[in-house]
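Number of protein chains: 2
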Amino acid sequence: MSVTITSVEVHDVRFPTAARGDGSDAINRGDYSATYVELGTDAGPTGAGFTFTNGRGNEITCAAVRALSHHVRGRTVEEIAAEPVAFWRSLSADVQLRWLGPEKGVIHMATGALVNAVWDLRATLAGKPMWRFLAELPTDDLVASVDFKHITDALTPDEAAAILDKGLIGSDGRLAELRQSGFASYTTSVGWLGYQDDKVRALTRQAYDDGWRAMKMKVGGPLADDLRRARIIRAEIGPDALLMMDANQVWDVDEAITAMTVLAEVDPYWIEEPTHADDILGHARIARAVDELTGGRCRVATGEVAANRVIFKQLLQAEAIGVMQIDACRVGGVNEVLAELLLAAKFGVPVCPHAGGVGLCEYVQHLAIFDYLRVGTDLDGRMIEYVDHLHEHFVDPVRTRGGRYLLPERPGYSAAMKPASIAEFRFPDGPAWR
Amino acid sequence: MSVTITSVEVHDVRFPTAARGDGSDAINRGDYSATYVELGTDAGPTGAGFTFTNGRGNEITCAAVRALSHHVRGRTVEEIAAEPVAFWRSLSADVQLRWLGPEKGVIHMATGALVNAVWDLRATLAGKPMWRFLAELPTDDLVASVDFKHITDALTPDEAAAILDKGLIGSDGRLAELRQSGFASYTTSVGWLGYQDDKVRALTRQAYDDGWRAMKMKVGGPLADDLRRARIIRAEIGPDALLMMDANQVWDVDEAITAMTVLAEVDPYWIEEPTHADDILGHARIARAVDELTGGRCRVATGEVAANRVIFKQLLQAEAIGVMQIDACRVGGVNEVLAELLLAAKFGVPVCPHAGGVGLCEYVQHLAIFDYLRVGTDLDGRMIEYVDHLHEHFVDPVRTRGGRYLLPERPGYSAAMKPASIAEFRFPDGPAWR
Chain B
1 MSVTITSVEV HDVRFPTAAR GDGSDAINRG DYSATYVELG TDAGPTGAGF
51 TFTNGRGNEI TCAAVRALSH HVRGRTVEEI AAEPVAFWRS LSADVQLRWL
101 GPEKGVIHMA TGALVNAVWD LRATLAGKPM WRFLAELPTD DLVASVDFKH
151 ITDALTPDEA AAILDKGLIG SDGRLAELRQ SGFASYTTSV GWLGYQDDKV
201 RALTRQAYDD GWRAMKMKVG GPLADDLRRA RIIRAEIGPD ALLMMDANQV
251 WDVDEAITAM TVLAEVDPYW IEEPTHADDI LGHARIARAV DELTGGRCRV
301 ATGEVAANRV IFKQLLQAEA IGVMQIDACR VGGVNEVLAE LLLAAKFGVP
351 VCPHAGGVGL CEYVQHLAIF DYLRVGTDLD GRMIEYVDHL HEHFVDPVRT
401 RGGRYLLPER PGYSAAMKPA SIAEFRFPDG PAWR
Chain C
1 MSVTITSVEV HDVRFPTAAR GDGSDAINRG DYSATYVELG TDAGPTGAGF
51 TFTNGRGNEI TCAAVRALSH HVRGRTVEEI AAEPVAFWRS LSADVQLRWL
101 GPEKGVIHMA TGALVNAVWD LRATLAGKPM WRFLAELPTD DLVASVDFKH
151 ITDALTPDEA AAILDKGLIG SDGRLAELRQ SGFASYTTSV GWLGYQDDKV
201 RALTRQAYDD GWRAMKMKVG GPLADDLRRA RIIRAEIGPD ALLMMDANQV
251 WDVDEAITAM TVLAEVDPYW IEEPTHADDI LGHARIARAV DELTGGRCRV
301 ATGEVAANRV IFKQLLQAEA IGVMQIDACR VGGVNEVLAE LLLAAKFGVP
351 VCPHAGGVGL CEYVQHLAIF DYLRVGTDLD GRMIEYVDHL HEHFVDPVRT
401 RGGRYLLPER PGYSAAMKPA SIAEFRFPDG PAWR
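Keeping their order, the protein sequence lines are chains B and C. Take 1 as the starting number for the first sequence in the UniProt record's numbering and just add one per residue. Take 1 as the starting number for the second sequence in the UniProt record's numbering and just add one per residue.
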């Protein structure tokens, strides 16, 4: 039975989070928003996808989705599944729209929203949660879903196939393990820059009591403040729990090295986004310095604004990262994330997905689980970010217990938002914004 | 006297060029378009700026200009001139909109259009063409216009000041030389992929007769076709004229090296965009290979879609380019181009600006002239791209003689389009599109 995508609807959904200081870091203070896509079909089931934005400008990504939507409307799910890279390139390499990227920023985020909605639809039609849909795809189908263009110098289709074939071995056991124990996570909710010391202390204590043994704080303010807050968290969590730091790109390369010389005191597990997201050579220099400063205890992490697989390829080639933080919807959706997971496996770097925002936890849990089952096949150093915001707006919200994600079981990519939430927070005409 | 920017108008202007095969290359086939910005003031004079796009999607950059325009509307020219980096960052580091880049793609192109319009207004108010306005600014004012954020590991304000101070020496003589001889250029109009062999031969012969001694062709089609077309051009222009090649990112890294092994036969002067624009390490590998293949006769050039100064910084640090091709409006306008010119001077790499499209020739002539007068101070290896399209729509179009740009003399940045052209080609309601 053929299923045709008959409609592509875009909603500008914004949550007024800026006023509360949630999500505040060295360079972002936003109203967490989603450029939300709904695909209608002639068969009944629908597909949902989105890209996350930070408030103002969500109308720009909505415009980009509309500009790309003719590549999706009228297509059948079967023809997309038969030639996934051809479909992906119809969006990412559109002969007129590619100029607006290429493969980066607004136009690529819009590609991600649409591509993810198609994958949500495919998994929904198959009656499987996305992680299981992907994990059960034959190696050939997974390899055929990856656009190897511009990454063959680091990863060939044959190498990808070998990784995925190897991932079949023991995957039942790994799945049983996840069903029993869930997937490790860390929390970012304790240390936003907008929070006062007392709030940081109280939230850290609460998170530790709730079972979290890995906490991330924002840095990049005055160095003395960063250190004071870091000491508070370290004092609360003891020497064994992990403390990660996130500078959100605020430092220059040499500033980052200087700052880490001071912050090394509290034994950070990673420093995230120490400098500009495009600065591969800068990250590599910082990684070497931090490795030396901490005797290998601290590593560099980045990825939430890495524009595409070509940036990740280079971060790995340059040994610039010890943790790869994929994002589900800044890049061109599931197809490009597959490339990134395979690159990480090839280079032996653990993937810890970026989450938070709107619905990013819902998305990335599927990717982390699939990565463990079929690609990375290891839990060592793997954690999913967790932020306790806005899950109530999703039809199939994440569930956690004791600092661990439980496996999602409903069909699809967990991307669908509740119609009432869309109506309430639609910008600018929803009641929340009027 | 204080001048306040009272209005920011955006026009979606598109020229139906796709049908003719002009501008066709390995990955782009577009309707050359401009996201055109007009600034109104309370003093009478206006400012014009634009970013170039490739047709569809021009409405997205227009939306991005609108999203950023509140940072410009209501500001005085004096306060912008007094704190140029603060003004620039109000656009490039907006706490909500930065997420859509950062500093790349749609949102950064919109920044470029607005920033350039402000510079056009400043030069217009000063009664000087942009090149002269810039060249006559004191070193301190030029340095204060550059955002050194994320590039201090390659260029410090002190180093920039030293370059600009040195540029004062002999600048009168350099200007006299330009007034007499104009600025060297090369033409890209002879070898678009959409043209047949006979058309390529005829256009090459015509260009040679018109005085051009440097021609650029598009490559990246079937290798045999590329070689055949290259031989046609080389046969027409003889061994001494320069033949440049532009692959528009179509190759993977190893493909690029293989292709250049073949194309080296026709003695190319540079290979432009041999692979993905974000692939700094890939460009560096190709540069080493091409250098070895040709005994240093051929170099790698790139930049027309380099997203920002951080990408250019790395291309220089990695020795990935022998020619730096700045674009006037993909990056954040004049302020960021200043950073790029200074980086090129620091690393001793010649700048050959990207032009063509809509109005890019008009823009970059000012930048190349300023670069010669005050920054790079050398003509060796410097050429401005020239494409003979769409100049008739500009109030102050470029003028060339014998393959050389003549100095523009009217006040401003030559960015203003004729009102009749805007009206005719405004999308979708102009007569040309109805």
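Where a beta carbon is used, it is the ideal one built from N, C-alpha and C, also for glycine.
Contact list for His276/C against chain B, beta-carbon separation under 7 Å: Against His276/C, the close residues of chain B are His150 and Val310, in the order they occur along the chain (beta-carbon pairs closer than 7 Å).
For Val364/B, the three-state DSSP class (helix, strand or coil): Helix.
Touch test, the region 29 to 48 of chain C against the region 70 to 89 of chain B, Cβ-Cβ under 8 Å, three pairs minimum: Too few Cβ pairs lie closer than 8 Å, so no.
Beta-carbon gap between Tyr186/B and Met244/B smaller than 8 Å: With contacts defined as CB atoms closer than 8 Å, Tyr186/B and Met244/B qualify as a contacting pair.
Same chain only: Cβ atoms within 6 Å of Ser92/B, ignoring 5 sequence neighbours per side: Taken in chain order, the residues that qualify are Glu103, Thr111 and Gly332.
Contact list for Asn54/B against chain C, beta-carbon separation under 9 Å: By Cβ distance, chain C contributes Val95, Gln96, Leu97, Arg98, Trp99 and Leu100.
Assigned secondary structure, Arg288/B (DSSP; H/G/I helix, E/B strand, else coil): Three-state DSSP puts Arg288/B in a helix.
Three-state secondary structure (DSSP) of Leu203/B: The answer is helix: DSSP assigns Leu203/B an H, G or I state.
Distance between beta carbons of Ile321/C and Val349/C, contact taken as under 8 Å: With a contact defined as Cβ atoms closer than 8 Å, Val349/C and Ile321/C qualify at about 6 Å.
Validate contact between the region 260 to 275 of chain C and the region 297 to 314 of chain C using beta carbons, cut 8 Å, 3 pairs: Yes, since at least three Cβ pairs between the region 260 to 275 of chain C and the region 297 to 314 of chain C fall closer than 8 Å, the two stretches touch.
Beta-carbon spacing of Ala247/C, Val219/C below 8 Å: At a Cβ-Cβ threshold of 8 Å, Ala247/C and Val219/C count as neighbours.
Within 8 Å, strictly: CB atoms of His366/C and Trp131/C: Yes, the Cβ-Cβ distance between His366/C and Trp131/C is below 8 Å.
Residues near Ser181/B in its chain [Cβ-Cβ closer than 8 Å; skip 5 each side]: Closer than 8 Å at the Cβ level, and outside the excluded window around Ser181/B, lie Arg404.
Contacts of residue 435/B in chain C (Cβ-Cβ under 7 Å): A question about residue 435/B goes unanswered here, because the residues of chain B that appear run from 1 up to 434.
First through last residue of the beta strand (DSSP E) which encompasses Phe312/B: Taken as a continuous stretch (DSSP letters only), Phe312/B belongs to no beta strand (DSSP E), being part of the alpha helix (DSSP H) at Arg309 to Gln317.
Nearest residue (CA-CA) to Gly74/C, options Ser2/C, Ala307/C, Ala344/C and Gly101/C: Minimum Cα distance to Gly74/C is reached at Ser2/C.
Below-8 Å beta-carbon distance, Gly30/C vs any chain B residue: By the rule that beta-carbons nearer than 8 Å mark a contact, Gly30/C touches chain B.
Beta-bridge partners of Ser7/B, as assigned by DSSP: Paired residue(s): Gly40/B.
Start-end ranges of the beta strand (DSSP E) lying completely within the region 192 to 255 of chain B, minimum 3 residues: Segments of the beta strand (DSSP E) lying fully in the region 192 to 255 of chain B: 214 to 218 and 242 to 246.
Contacting residues, own chain, Cβ-Cβ under 7 Å from Arg201/C (five flanking each side not counted): Ile232 and Glu236, listed in sequence order.
Contacts of Asp252/B in chain C (Cβ-Cβ under 9 Å): Ordered by position in chain C, the residues that pass the 9 Å Cβ test against Asp252/B are Phe148, Lys149, His150, Ile151, Thr152 and Asp153.
Nearest neighbour of Leu114/B, chosen from Thr51/B, Ala144/B, Leu137/B and Leu164/B [CA to CA]: Minimum Cα-Cα distance from Leu114/B among the listed residues Thr51/B, Ala144/B, Leu137/B and Leu164/B corresponds to Thr51/B.
Top-ranked residue by Cα proximity to Thr152/B, from Arg98/B, Glu340/B and Trp251/B: Check the Cα spacing between Thr152/B and each of Arg98/B, Glu340/B and Trp251/B: the tightest is with Glu340/B.
Chain C contacts from the region 279 to 299 of chain B (Cβ-Cβ distance under 9 Å): Per Cβ criterion, the list reads Asp279, Ile280, Leu281, Gly282 and Arg285.
Minimum C-alpha distance to Arg205/B - residue among Ser189/B, Pro138/B and Leu193/B: If we check each option's Cα against that of Arg205/B, Ser189/B comes out closest.
Cα-Cα separation, Leu316/C to Leu343/C: So the two alpha carbons sit approximately 8 Å from each other.
Asp12/C and Asn58/C closer than 8 Å at C-beta: Yes. Within cutoff.
Paired residues, beta bridge with Tyr386/B - DSSP: Answer is Thr187/B.
Cutoff 7 Å; reference Leu390/C; Cβ partners in own chain excluding five residues on either side: Within the same chain, Leu390/C has close Cβ partners Phe15, Tyr32 and Val358.
Neighbour flag for Ala318/B against chain C, beta carbons, 8 Å: Yes, its Cβ sits closer than 8 Å to a Cβ of chain C.
Short-range partners of chain B found in the region 336 to 354 of chain C, where Cβ spacing is below 7 Å: Of all residues in the region 336 to 354 of chain C, none has a Cβ within less than 7 Å of some Cβ in chain B.
The region 147 to 166 of chain B contacting the region 250 to 261 of chain C, beta-carbon criterion three pairs below 8 Å: Counting C-beta pairs with one atom in each stretch, the region 147 to 166 of chain B and the region 250 to 261 of chain C have three or more that are closer than 8 Å, which means they touch.
C-beta contact flag for Glu304/B and Asp278/B at 8 Å: Pairing Glu304/B with Asp278/B gives a Cβ-Cβ distance that is not under 8 Å.
Assigned exposure category for Pro431/C - 16 Cβ within 10 Å defines buried: When all chains shown are included, Pro431/C counts as exposed.
Neighbour-count burial assignment, Arg374/C, 16 or more Cβ in a 10 Å radius: Under a 10 Å Cβ-count criterion, Arg374/C is classified as buried, with 16 or more other Cβ atoms of the shown protein chains found around its own Cβ.
Boundaries (first-last residue) of the alpha helix (DSSP H) holding Arg299/B: Per DSSP, Arg299/B belongs to no alpha helix (DSSP H); it is in the beta strand (DSSP E), Arg299 to Thr302.
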